[in-house]
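Accompanying notes for the structure given below.
Number of protein chains: 2
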Amino acid sequence: MTELSRRHVLAGAAATALTPLVSSPASAAAPPVNTQAPGWYRYKVGSYEITAVTDGRNTFKFPDTFVLNAKREQVNEALAAAYMEKDTMTIPYTPVVINTGSKLVVMDTGTGEANFDRSKGVGGQFHSNLKASGIDRNAVDVVIISHFHGDHINGLITPDGKPAFPNAEILVPAVEWKYFMDDGEMSRQSSERMKGVFSGARLVFDKLNRKVTQYDAGKEVAPGITSVATHGHTPGHQSFVVASGSSKVYVQADVTNHPALFARNPGWHAFFDQDPAMAEETRRKVYDMLVAEKMMVQGFHYPFPGLAYIEKAGSAYREIPVMWNPTL
Amino acid sequence: MTELSRRHVLAGAAATALTPLVSSPASAAAPPVNTQAPGWYRYKVGSYEITAVTDGRNTFKFPDTFVLNAKREQVNEALAAAYMEKDTMTIPYTPVVINTGSKLVVMDTGTGEANFDRSKGVGGQFHSNLKASGIDRNAVDVVIISHFHGDHINGLITPDGKPAFPNAEILVPAVEWKYFMDDGEMSRQSSERMKGVFSGARLVFDKLNRKVTQYDAGKEVAPGITSVATHGHTPGHQSFVVASGSSKVYVQADVTNHPALFARNPGWHAFFDQDPAMAEETRRKVYDMLVAEKMMVQGFHYPFPGLAYIEKAGSAYREIPVMWNPTL
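Order-wise, the sequence lines are chains A and B.
What the first sequence shows, in the numbering used here, is residues 1 to 328, in sequence order.
What the second sequence shows, in the numbering used here, is residues 1001 to 1328, in sequence order.
Have a look at this one:
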């Protein structure tokens, strides 16, 4: 027989009634360290070395319009199912870096160091974690941007307004460029949020003197890295198949936001999906493909390190995190 | 309409037919880094600072007797459901460190640096990752051992045979001590494996001149840390409730091995469970409690960082990993 009982396992709550074996000094020999591990994780896809690098996360009380077609209590139920706090959304940001052997490629760049209070450390960590991971941003050959939201492009620029990847070619989706850099499109925006996306993109790309290379969908944009049009979240939103040897990973960018909400509820429309119906159609197609192909997905807004397999769960999807490998 | 099609998303496989946008130099500006992140992760339980520190993992082709009461094909099905390689088991090791404010406590110590080829890096990483996490092993006040298997006690000793925590009190389960240090019990063992467990424990504790403090189940063994008898895996196996303020985490040690196999199949008997029936009974009781209390569990053999919630999945259990927090 085990001695286990409910009273025992809950004894922690009433532990003051017990006598500690060890006498307590006023404080431990060491103070709390009070820092988090540098947020990077490395894995291989064929001969390619991929480094997932967290930019941090944003935590906020969400408005009733956070999910356009779900009630707050439904969203809270989904959060509870993931053991997350109610009324509160946490969105992680995880760009990736791919060394193909012939190119050092950054995919998306995070929220930018200038845009967050570093002392709070909620975002803008991409560049410091990149450095901690042993990668020099001056050595980056190519930066591939999936779409023009600030959490993907702001890290192109340093806090003093300089190019963060001075030796890299900056690749942007042609459809995205045409749309967001069009003065007519900009002038027709009515929402403050959309005006902000337009002006934010200009702010970033003007600092690069608009020196970018536009790419189309379905092209090999870097060795073994093929763009896939996954429109809806933004007009030109792109994902990527990274293939080396017989291995592949699908870098989805924002096909879903946090999977606890939007893989589990692929029909939910997040307020940041510009064309929610198209975004949903894209989401279902991509996720059905990930299930059918048993293809790993790297999710920008997945919990770090953001690498998972997808399985069907009823009419929705569930992510199965890839086991952390402590050795490369 | 999106441009997405199955042909597009699989284009990576046939990408050689496409023209790269970027000409490829002979090699990237930077070579692969070829190292993994230091494996530690920090979180708070009330005012306590907990650091999960990976010791690495062991990967091996498993024998038909790996799960005593399941066939190889059933085990392979469970592995496939977790997108793990068939016929191959990977077992991670994750000790934890708890700073209660008044005590710096290590719980279990990993496989020991001397017991693995460090160049392969599969195990024995606890001490190096502990250091990387900002914790000096000389500052540790208390080491609490859950049970006497080598992957939990070998890290008590340095490769040159010295105490790895020279300033710490070493706490061991009284039942475990009585059993494994008993010469009569040792003499009655017939299996090579069990003889090895007995001699391994003596090897470690003799190097400490058997200077340990025995503790009983249901006691506050350190401030806010209460032992719970979870016998079966070994005769004196212990788990722990760590409680601070209104928060708790259940440090389960080896109530299950890898959850993909043994939380999903709580009735499976791993060959390293010394009393498999008692281990199963303990496992079901603990997991039912974790579900009912919605209590976080820290699993020694869970994928790093080993922190999860447990939910019922049919007559079995499923672990929901706690979202990685990039800031403390």
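Glycine is no exception: its CB is placed at the ideal position from the N, C-alpha and C atoms.
Residue i vs residue j beta-carbon contact at 8 Å
{"i": "A/Ala30", "j": "B/Asn1129", "result": "no"}
{"i": "B/Asn1167", "j": "B/Val1204", "result": "no"}
{"i": "B/Glu1281", "j": "B/His1269", "result": "no"}
{"i": "A/Asp273", "j": "A/His231", "result": "no"}
{"i": "B/Val1143", "j": "B/Lys1103", "result": "no"}
{"i": "B/Ala1082", "j": "B/Ala1222", "result": "no"}
{"i": "A/Pro303", "j": "B/Met1323", "result": "yes"}
{"i": "B/Ile1153", "j": "B/Thr1109", "result": "yes"}
{"i": "B/Leu1156", "j": "B/Ile1135", "result": "no"}
{"i": "B/Pro1173", "j": "B/Leu1208", "result": "no"}
{"i": "B/Val1106", "j": "B/Phe1165", "result": "yes"}
{"i": "B/Asp1055", "j": "B/Gly1101", "result": "no"}
{"i": "B/Ala1037", "j": "A/Pro38", "result": "yes"}
{"i": "B/Glu1311", "j": "B/Val1286", "result": "no"}
{"i": "B/Val1212", "j": "B/Thr1226", "result": "no"}
{"i": "B/Tyr1041", "j": "B/Pro1321", "result": "no"}
{"i": "A/Glu192", "j": "A/Pro235", "result": "no"}
{"i": "B/Tyr1250", "j": "B/Met1278", "result": "no"}
{"i": "B/Leu1328", "j": "A/Thr35", "result": "yes"}
{"i": "A/His51", "j": "A/Val96", "result": "What sits at residue 51 of chain A in the sequence shown is Thr, not His. Result yes, Cβ atoms of A/Thr51 and A/Val96 sit closer than 8 Å."}
{"i": "A/Ser133", "j": "A/Val228", "result": "no"}
Residue i classed as buried or exposed, judged by whether at least 16 other C-beta atoms fall within 10 angstroms
{"i": "A/Leu307", "result": "buried"}
{"i": "B/Lys1248", "result": "buried"}
{"i": "B/Arg1264", "result": "buried"}
{"i": "A/Gly112", "result": "buried"}
{"i": "B/Asp1183", "result": "exposed"}
{"i": "A/Ala80", "result": "exposed"}
{"i": "B/Asp1160", "result": "exposed"}
{"i": "A/Gly314", "result": "exposed"}
{"i": "B/Arg1137", "result": "buried"}
{"i": "B/Met1289", "result": "buried"}
Own chain partners of residue i with C-beta closer than 8 Å, once the 5 adjacent residues on each side are dropped
{"i": "B/Met1181", "result": "Ala1201, Arg1202, Phe1205, Arg1210"}
{"i": "A/Arg283", "result": "Gly232, Val255, Thr256, Phe262, Pro266"}
{"i": "A/Phe198", "result": "Phe180, Glu185, Met186, Gln189"}
{"i": "A/Lys329", "result": "With chain A covering only 1 through 328, there is no way to say anything about residue 329 of chain A."}
{"i": "B/Met1084", "result": "Thr1090, Ala1260"}
{"i": "A/Ala114", "result": "Gly124, Asn154, Ile157, Thr158, Pro159"}
{"i": "B/Pro1276", "result": "Leu1068, Asn1069, Gly1232, His1269, Ala1270"}
Per DSSP, the bridge partner or partners of residue i
{"i": "A/Val221", "result": "Looking at the DSSP assignment, A/Val221 forms no beta bridge with any residue, so it has no partner."}
{"i": "A/Pro321", "result": "A/Ala308"}
{"i": "B/Glu1049", "result": "B/Lys1044, B/Asn1099"}
{"i": "B/Val1297", "result": "B/Tyr1250, B/Ala1308"}
{"i": "A/Thr226", "result": "A/Glu220, A/Val241"}
{"i": "B/Asn1069", "result": "Paired residue(s): none; B/Asn1069 is not in a bridge."}
{"i": "A/Asn58", "result": "A/Ile91"}
{"i": "B/Ile1157", "result": "B/Pro1163"}
{"i": "A/Ile144", "result": "A/Met107, A/Leu171"}
{"i": "A/Ala139", "result": "Its beta-bridge partners do not exist; DSSP assigns none."}
{"i": "A/Ala316", "result": "A/Ala313"}
6 Å CB neighbourhood of residue i in its chain, flanking five on each side removed
{"i": "A/Ala253", "result": "Ser146, Ser239, Phe300"}
{"i": "A/Thr59", "result": "Thr90"}
{"i": "A/Ser244", "result": "Val45, Gly46, Ser47, Tyr48, Gly224"}
{"i": "A/Asp334", "result": "With chain A represented from 1 up to 328, any question about residue 334 of chain A goes unanswered, as that position is not in the structure."}
{"i": "A/His237", "result": "His147, Thr230, His231"}
{"i": "B/Glu1220", "result": "Thr1226"}
{"i": "A/Phe62", "result": "Met89"}
{"i": "B/Tyr1043", "result": "Ile1050"}
Neighbourhood of residue i by C-beta distance below 7 Å, restricted to the same chain and skipping five residues each side
{"i": "B/Arg1072", "result": "Asp1064"}
{"i": "A/Lys195", "result": "Gln189"}
{"i": "A/Phe126", "result": "Val53, Asp55, Pro95, Thr109, Gly110, Gly155"}
{"i": "A/Pro32", "result": "none"}
{"i": "A/Lys86", "result": "Asn76, Leu79, Ala80"}
{"i": "A/Lys131", "result": "none"}
**Q.** Ordered list of alpha helix (DSSP H) runs contained in the region 159-215 of chain A, each at least 4 residues
**A.** Those alpha helix (DSSP H) runs which fall completely within the region 159-215 of chain A and span 4+ residues are 174-180, 183-187, 192-207.
**Q.** 3 or more residues per run - each beta strand (DSSP E) lying fully within the region 89-128 of chain A
**A.** Listed in chain order, they are 96-99, 104-107.
Q. At which residue ranges does the region 248-286 of chain A contain complete beta strand (DSSP E) runs of 3 or more residues, listed in the order of the chain?
A. For the region 248-286 of chain A, there is no continuous beta strand (DSSP E) assignment of 3+ residues that stays within its boundaries.
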